[in-house]
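Letter by letter, the sequence shown follows residues 11 to 278 of this note's numbering. Glycine included, C-beta positions come from ideal geometry on N, C-alpha and C. Note that the coordinates shown come from a computational prediction; the quantities given were computed from them, not determined experimentally. Report on one structure; see the data block that follows.
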Amino acid sequence: MRWNTGGVNYCYLLSSQDKLNSWLIDPAESDEVIPNLTSSERQSIKAIVNTHHHYDHSDGNMSMINELKQEGKRFVVKIVAGSKSSPDATELPEHLQHYKLGNLDITCIRTPCHTVDSICYHVKDPETNEQCIFTGDTLFIGGCGRFFEGNGVQMDEALNERIIHGVGEPNWNLTRVYPGHEYTKSNVKFIREYVYQELGENEALDNLEKYADKHEMTCGEFTIDDELKYNPFMRLDDPLVRKAVGDDDSSWKRSKVMETLRKLKNSM
């Protein structure tokens with residue numbers, strides 16, 4: 011589900027294989043979410059889950075709970091979030107805390123920077139080995155979120171340590187990325203203007219650009235491994251990324267590269 015409040019937002023329904031257990035992730039606009047859920051889907055919801063507290067991700071928490079109660083939902087629906095700044099949050103998972111959702115294994119990866127309470131949720135189906143990660147406004151396809159409550163050191167750690175290690179290298183090419191917004195076209199435009207300016211300099215970016223030109227939505231189509239190949243915020247030591255920010259002799263700290271890169275993106 012997606013809507014246009016504050017940018018193209020995504021809300022996700024994550025369900026177990028038997029469809030009996032679900033998480034509803036970032037339902038900011040409950041009046042738009044509810045009509046898109048079947049009765050059985052609504053009854054399957056065990057938790058409202060926020061990737062962070064910003065209104066365009068968490069504003070629908072209580073209205074969703076109220077809607078579910080009106081439908082006769084008999085079981086308690088918890089609200090899982092990074093902090094009490096998310097409306098009516100009932101559970102605040104620790105970094106790398108695990109949840110079971112039916113047959114699914116979920117790991118909460120705390121990624122403070124965009125907000126101090128940002129969390130990414132890595133999901134694995136142990137039966138099929140299908141995997142994905144819901145990244146909110148921390149990681150986008152080809153980009154990252156603004157540093158509203160953090161800095162370059164924290165975003166570098168969030169993307170290039172916490173997510174990378176939390177997912178684990180054997181899973182990088184299996185883990186599909188589901189971000190909080192559809193920003194891929196603008197991210198590709200930024201990378202093409204400042205970093206990989208010519209076709210052929212980065213084949214992975216060439217492929218992403220072709221896909222984004224032909225498709226309105228890109229969520230779930232690319233993996234962590236793909237991001238490591240074209241996302242400049244995850245390639246801070248690439249000479250072309252360094253050159254783009256003015257570090258021609260590769261002498262800057264990674265945090266300075268990250269911060270300068272984000273400032274360039276902010277200026278577009």
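Assigned secondary structure, Asp8 (DSSP; H/G/I helix, E/B strand, else coil): Only positions 11 to 278 of the chain appear in this structure, which leaves residue 8 out of reach.
Range of the contiguous beta strand (DSSP E) that encloses Phe144: Segment Gln141 to Gly146, the beta strand (DSSP E) holding Phe144.
For the beta strand (DSSP E) holding Leu34, just list the boundary residues, first then last. Ser32 to Ile35
Could you pull out every residue in the same chain whose Cβ sits closer than 6 Å to the Cβ of Glu159, ignoring the five residues on either side in sequence? So the list reads Thr125 and Val126, once near-sequence residues are dropped.
Are the beta-carbon atoms of Lys239 and Ala214 separated by less than 7 Å? yes
At the level of alpha carbons, what is the spacing between Ser265 and Asp28? 44 Å
Looking only at C-alpha atoms, which of Gln207, Met268, Tyr22 and Pro136 sits nearest to Gly153? Met268
Option nearest Lys273 by Cα separation, candidates Trp182, Ala57 and Arg156: Arg156
Output needed for Asp236: all residues of its chain with C-beta closer than 7 Å, excluding positions within five of it in sequence on either side, in chain order. Within the same chain, Asp236 has close Cβ partners Ala214.
Let me make sure I understand the geometry here. Which of Thr48, Asp115 and Glu101 has the alpha-carbon closest to that of Asn71? Glu101
Could you give the residue range of the alpha helix (DSSP H) that holds Val133? Where Val133 is concerned, there is no enclosing alpha helix (DSSP H), although the beta strand (DSSP E) it sits in stretches over Ile129 to Lys134.
Is DSSP giving Val187 helix, strand or coil here? strand
Leaving out five residues on either side along the sequence, give the residues of the same chain with a beta carbon under 7 Å from the beta carbon of Val87. Ile55, Lys56, Ala57, Ile58, Ile75 and Leu78
Using only the alpha-carbon positions, how far apart do Trp182 and Ile116 sit? 15 Å
Output the boundary residues of the alpha helix (DSSP H) element that contains Ala325. Residue 325 is absent from the structure shown; the chain starts at 11 and stops at 278.
Tell me where the beta strand (DSSP E) around Ile89 begins and ends. Lys88 to Val90
Spatial neighbours of Asp216 within its chain, please: CB distance less than 8 Å, with the 5 preceding and 5 following residues excluded, ordered by chain position. Leu209 and Gly210
When you compare the CB positions of Thr194 and Gln141, do they come within less than 7 Å of one another, or not? no
Pull up the distance between the alpha-carbon of Glu219 and that of Lys199, whole angstroms please. 8 Å
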